[in-house]
Amino acid sequence: MVVKSDVSIDPKDSNNPISSVNTNGEYLSYFATKIFFLVNHVIIDMCICVFGMGNCLNITVFVKQGLRMSVNLSLCAMSLSDLIGLIFQVRHNFCLNPYLELAELPVDFHKVQILTAGCPNIAMTRITGWITVYITAERCLSVLLPSSI
-12 MVVKSDVSID PKDSNNPISS VNTNGEYLSY FATKIFFLVN HVIIDMCICV FGMGNCLNIT
48 VFVKQGLRMS VNLSLCAMSL SDLIGLIFQV RHNFCLNPYL ELAELPVDFH KVQILTAGCP
108 NIAMTRITGW ITVYITAERC LSVLLPSSI
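Going by my numbering, the letters in the sequence shown line up with residues -12 to 136, in that order.
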């Protein structure tokens, strides 16, 4: 059974709340963008960063086991670089808080965040990736040449 509605939805209609593009050519309104940043960056991402601080526990376990074995050293270095990256991510999330604009501070946090949080976070993520590559190559070589490594 097909029900025909009297309401027609025109995607080009500016009064249509379902329309994907508004009259200014934006996909999201200013308010929707601020809510998106608040929920995703400030709330969800901060929870991930706080619960991701388990790297401190990993580092203490690896240090107590000793860093003489290459596996412990590599995993400890990976935990350390990931922990530093998470610390920069917390700073990045703070700068993306939309309520900072209401404080009327003389600093534009969106411009400052790139140098103080964005670039260092990207560097730590790349370091973690290269440590992963090193661990993978070491494991592959230990399977290929078991007595040498």
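A virtual CB, placed ideally from N, CA and C, is assigned to each residue, including glycine.
Alpha-carbon spacing of residue i relative to residue j, whole angstroms
i	j	result
L67	K98	27 Å
V130	I122	12 Å
P133	D69	30 Å
Q100	N108	11 Å
G116	V26	28 Å
S6	N45	Here the model assigns S6 a pLDDT of 46, short of 50, so the residue's position is not dependable and the matter cannot be decided.
I31	N59	31 Å
G41	L73	11 Å
G39	M33	9 Å
I71	M111	7 Å
T47	C36	19 Å
C106	R113	11 Å
P89	L15	Checking the sequence shown, residue 89 turns out to be Leu, not Pro. Taking the straight line joining both Cα atoms gives about 20 Å.
Same chain only: Cβ atoms within 6 Å of residue i, ignoring 5 sequence neighbours per side
i	result
H28	N80 and L83
L87	F96
E125	none
Own chain, CB closer than 8 Å to residue i, minus 5 neighbours either side, in chain order
i	result
T119	M65
S61	I118, Y121, I122 and E125
Q76	D32, C36, A104 and N108
Sequence-distant residues of its chain with Cβ nearer than 7 Å to residue i (five each side left out)
i	result
G103	What sits at residue 103 in the sequence shown is Thr, not Gly. Here the set comprises R78.
P85	K21, F24 and L25
S57	E125
Quiz item: Just checking, does the region 53 to 60 make contact with the region 94 to 102 on the three C-beta pairs under 8 Å criterion?
Solution: Touching, no.
Quiz item: What are the start and end residues of each continuous alpha helix (DSSP H) run of 4 or more residues lying completely inside the region 55 to 130, in chain order?
Solution: If we require 4 residues or more, the alpha helix (DSSP H) runs fully inside the region 55 to 130 come out as 57 to 82 and 96 to 100.
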